[in-house]
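Here the protein sequences line up with chains A and B, keeping their order. Counting in the working numbering, the first sequence runs from -5 upward without gaps. Counting in the working numbering, the second sequence runs from 2 upward without gaps. Don't be surprised by glycine CBs; every beta carbon is placed ideally from N, CA and C.
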Amino acid sequence: MIWIIGILVFWALAWAANVRLVHSAYADTTAVRIAVPVLFGITILVLWEGLVRGFGVSQIILPPPSQVLVVFAQSTDLLWVDFVQTVLKGALRGFLIGACAAFVVALLIDRSVFLTRGLLPIGNFVAALPIVGVAPILVNWFGFDWHSKAAVVVVMVFFPILVNTVQGLRETDAMQRDLMRTYAAGYFQTLLKLRIPAAMPFIFNGLKIATTLALIGAIVAEYFGSPTRGMGFRISTGVGSLSIDLVWAEIFVSALVGSAFYGVVAWIEKRVTFWHPSQRQAK
Amino acid sequence: MRNLVPILTVLAAIVGIWWLAVAPMNIRPALDIAERGGAVVVPEGSVERRNVSAFKLMLDNRAYVAVGYDLKRPRLPTPAQVGEEFWKTTGAMVAKGRAWSKRSLIYHAWVTLQSTLWGFFLGTTVGILGAVAIVYSRVMDRSVMPWAIISQTVPIVALAPMIIVVSNQVGIEGRGVPKAIISAYLCFFPVLVSMVKGLRSPTEQQLDLLKTYSASGLQSFFKLRLPASVPYLFTALKIGIAAALVGTIVGELPTGAISGLGARILIGDQFGTPLAIWSALICAAILAGVLVSAIDIMQRVTLRKMGFVS
């Protein structure tokens, strides 16, 4: 009972603090902008901890976050091996291959109006399909090691990036292209100096969507067979052997990796497309 | 309509490449079968062949390439084989009056569709309510919005088995509810983001005008903000329903479900029947197409009735 009352009090206090922070004179400073969501996140963790302890939920169903943290600290070696296998070998390699392939294909398609018209609707359609379903087929083709995981990731990230890049390459208007003409710029000059920079916001949009898909693909592919390491392998065997706290530690790692991956791409985007209205900051 | 010819050409090219790829993909099992049947194959023995490239094998054994197009368990089935299997598990079942048997894909598609629609409904509701809260409360905006973004960077497949474990223990029978939760998780985000944009789309002038009419907050919500957000909502719903379907299939894949399209894929993998996987994939693609087009039609009709220029 004391746990329940405790977390309710904490919740009320944290919420009140957030309300005060947001309506205070410092609401627009960076510190407050970061502090408010962090406080909200801490509140959720405290609620989770308190509810699990207060209601005496079995650890086999839902371990409290503090215990997950302990397991995380104890098994960093294991988690690191899984991280290397799934993220560095599977997801990242697949992401790079898929992104480069999609970019090159987009440039080729873009040269032909006919292909653009034919491939764009199909690409849009395929991007909406549940492509994760091909995971068992690709695991069958490429074997259990990281190659099949990278292949699944390639297939999953290819279409969102392709569609976005093709759309981005069409972003320049006639005036801008005419200007390049008056400069006597050739196809490649126009491409490098005008069209690819103009396409960057779209390309990064595709890349950001693809970061999540890459992790999903790499983890799902491991459910269909993998060497005895990897995040997906650990999760599926962890659920079976009731070491749920280890599973939550893996989920914690995957959340961390997913956010970091997205953050890195968003950071690069900010550097590359600093000129775009959505990235400009009022000074 | 002017896109029809290019689309059909590209589709034909894809099927053509697929058909050509069957030969190198299936040459090894085809040669194994031919050899077992007493034919002379160069080089002999499947272990010997492992280090020879597929194209050299095809050149040396031209007579047996055709065998690869008629395998029972092909590595890559031909388009015709997939079409035949798909027809056998859908149309032919209907013709026999067994559309709802467990071997019919229509039954499995229906199971998947139900979870998808529940998840879609749940996710859309959460997304819209969240957007309203975010637009009207600065605290929500500042504290929830960053977490909504982070929630999408967490690979849902990692969470899927846990959602099923927890909901099983809480006493929820069956897999419908956890699947719907997973698809709602993927579906709410696009709706939330678009609705926040849409509800904020009225200009300062329009809001001021309503103030001069002395409209209450509720009135300006229902008469200005909500109608203005409808085009944004429909764009998000199209992304959302596709995401909801992905979520349901992901929810069925790693969890040992026995009915649903994802379960068909899983079972096809476990029993080594690639044709079942392929026809389930085709079925999922058709389902996605139907769902997205249905929302597209709703969008067109609604926007025209509301007077948005389309």
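Contact set between residue i and chain A, taken where Cβ atoms lie within less than 8 Å
{"i": "V11 (chain B)", "result": "L109, G112, L113 and I116"}
{"i": "V166 (chain B)", "result": "I55, V233 and I238"}
{"i": "P275 (chain B)", "result": "I131 and N134"}
Sub-8 Å separation of residue i and residue j beta-carbons
{"i": "V62 (chain A)", "j": "D239 (chain A)", "result": "yes"}
{"i": "I250 (chain B)", "j": "G263 (chain B)", "result": "yes"}
{"i": "G211 (chain A)", "j": "D76 (chain A)", "result": "no"}
{"i": "D104 (chain A)", "j": "V51 (chain A)", "result": "no"}
{"i": "R74 (chain B)", "j": "P232 (chain B)", "result": "no"}
{"i": "G88 (chain A)", "j": "A145 (chain A)", "result": "yes"}
{"i": "R143 (chain B)", "j": "R27 (chain A)", "result": "yes"}
{"i": "G1 (chain B)", "j": "V192 (chain B)", "result": "A query on residue 1 (chain B) cannot be resolved here, the shown segment of chain B reaching from 2 to 311 and no further."}
{"i": "V16 (chain A)", "j": "V140 (chain B)", "result": "yes"}
{"i": "S105 (chain B)", "j": "K180 (chain B)", "result": "no"}
{"i": "L85 (chain A)", "j": "L209 (chain A)", "result": "Rather than Leu, the amino acid found at residue 85 (chain A) in this sequence is Ala. Taking 8 Å as the Cβ cut-off, A85 (chain A) and L209 (chain A) qualify as a contacting pair."}
Residue burial classification, residue i (beta-carbon count within 10 angstroms, cutoff 16)
{"i": "H1 (chain B)", "result": "Not covered by the structure: residue 1 (chain B). The range shown for chain B is 2 to 311."}
{"i": "M299 (chain B)", "result": "exposed"}
{"i": "L27 (chain B)", "result": "The amino acid occupying residue 27 (chain B) in the given sequence is Asn; Leu does not appear at that position. It is buried - the Cβ of N27 (chain B) has at least 16 other Cβ atoms within 10 Å."}
{"i": "G39 (chain B)", "result": "exposed"}
{"i": "L234 (chain B)", "result": "buried"}
{"i": "N4 (chain B)", "result": "exposed"}
{"i": "R175 (chain A)", "result": "exposed"}
{"i": "F190 (chain B)", "result": "buried"}
{"i": "K277 (chain A)", "result": "Note on K277 (chain A): pLDDT 48, under 50, position unreliable in the model; no value is reported."}
{"i": "I266 (chain B)", "result": "buried"}
{"i": "N52 (chain B)", "result": "exposed"}
{"i": "K103 (chain B)", "result": "exposed"}
{"i": "W242 (chain A)", "result": "buried"}
{"i": "E49 (chain B)", "result": "exposed"}
{"i": "I135 (chain B)", "result": "buried"}
{"i": "S106 (chain A)", "result": "exposed"}
{"i": "L113 (chain A)", "result": "buried"}
{"i": "I18 (chain B)", "result": "exposed"}
{"i": "E205 (chain B)", "result": "exposed"}
{"i": "I15 (chain B)", "result": "exposed"}
{"i": "D71 (chain B)", "result": "exposed"}
{"i": "C37 (chain B)", "result": "It is worth fixing the name first, because residue 37 (chain B) is Arg in this sequence and not Cys. Classification for R37 (chain B): exposed."}
{"i": "L2 (chain A)", "result": "exposed"}
{"i": "A31 (chain B)", "result": "buried"}
{"i": "F268 (chain A)", "result": "exposed"}
{"i": "D270 (chain B)", "result": "buried"}
{"i": "P154 (chain A)", "result": "buried"}
{"i": "P271 (chain A)", "result": "exposed"}
Residues that residue i contacts on chain B, provided the C-beta gap is smaller than 7 Å
{"i": "R164 (chain A)", "result": "Residues of chain B passing the Cβ test: none, with the nearest at roughly 14 Å."}
{"i": "V147 (chain A)", "result": "Under the 7 Å cutoff, chain B gives no residues; its nearest Cβ is about 12 Å from V147 (chain A)."}
{"i": "N12 (chain A)", "result": "V140 and S144"}
{"i": "P124 (chain A)", "result": "L246, V247, I250, A285 and A289"}
Chain A contact residues for residue i, given Cβ-Cβ distances below 9 Å
{"i": "I151 (chain B)", "result": "P31, G35, A249, G252, S253 and Y256"}
Cβ separation of residue i and residue j, assumed to be a contact under 8 Å, to the nearest whole Å
{"i": "G120 (chain B)", "j": "A245 (chain B)", "result": "5 Å"}
{"i": "E86 (chain B)", "j": "W279 (chain B)", "result": "7 Å"}
{"i": "A193 (chain A)", "j": "G162 (chain A)", "result": "3 Å"}
Chain B contact residues for residue i, given Cβ-Cβ distances below 9 Å
{"i": "E244 (chain A)", "result": "A159"}
{"i": "V40 (chain A)", "result": "Result: empty, since nearest Cβ-Cβ is about 14 Å, beyond 9 Å."}
{"i": "T206 (chain A)", "result": "Q153, T154, V155, P156 and I157"}
{"i": "V98 (chain A)", "result": "By Cβ distance, chain B contributes nothing, its closest Cβ being about 17 Å from V98 (chain A), past 9 Å."}
Where residue i meets chain B, residues with beta-carbon distance less than 8 Å
{"i": "Y20 (chain A)", "result": "What Y20 (chain A) touches in chain B: nothing, since even the nearest Cβ is about 12 Å away."}
{"i": "N199 (chain A)", "result": "Those do not exist, as N199 (chain A) stays about 12 Å from chain B at its closest Cβ, beyond 8 Å."}
{"i": "R130 (chain A)", "result": "Sequence check: residue 130 (chain A) is Pro here, not Arg. Those are I266, L267, G269, D270 and I278, listed as they occur along chain B."}
{"i": "G127 (chain A)", "result": "I250, L254, L262, G263, I266, I278, A281, L282 and A285"}
{"i": "R27 (chain A)", "result": "R143"}
{"i": "V241 (chain A)", "result": "P162 and M163"}
beta-carbon residue i near the ligand SAM non-hydrogen atom, thresh 7 Å
{"i": "V26 (chain A)", "result": "This structure does not include the ligand SAM; it has no bound ligands of any sort."}
Contacts of residue i in chain A (Cβ-Cβ under 7 Å)
{"i": "Q170 (chain B)", "result": "I55"}
{"i": "W119 (chain B)", "result": "The contacting residues do not exist; W119 (chain B) stays about 17 Å from chain A at best."}
{"i": "P179 (chain B)", "result": "Per Cβ cutoff of 7 Å: no residues; P179 (chain B) is ~13 Å from chain A at best."}
{"i": "N52 (chain B)", "result": "Those within 7 Å of N52 (chain B) in chain A number zero; the least Cβ separation is about 16 Å."}
Closer than 8 Å, Cβ to Cβ, to anything on chain A: give me those residues from the region 57 to 69 of chain B, in chain order.
-> none
Interface residues of the region 278 to 294 of chain B facing chain A [CB-CB below 8 Å] | I278, W279, A281, L282, A285, A286, A289, G290 and V293
Relative to chain A, which residues along the region 229 to 259 of chain B have a C-beta separation below 7 Å, given in chain order?
-> A243, L246, V247, I250, V251, L254 and P255
Going along the region 53 to 77 of chain A in order, which residues come within less than 9 Å of chain B, judged by CB to CB distance?
-> I54, I55 and L56
Scan the region 72 to 87 of chain B for residues whose Cβ lies nearer than 9 Å to a Cβ of chain A and list them as they occur along the chain.
-> R76 and L77
Mind checking the region 10 to 32 of chain B against chain A and listing, in chain order, the residues whose C-beta falls within less than 9 Å of any C-beta there?
-> T10, V11, L12, A14, I15 and M26
Compile a chain-ordered list of the residues in the region 96 to 129 of chain B whose CB is closer than 8 Å to at least one CB of chain A.
-> none
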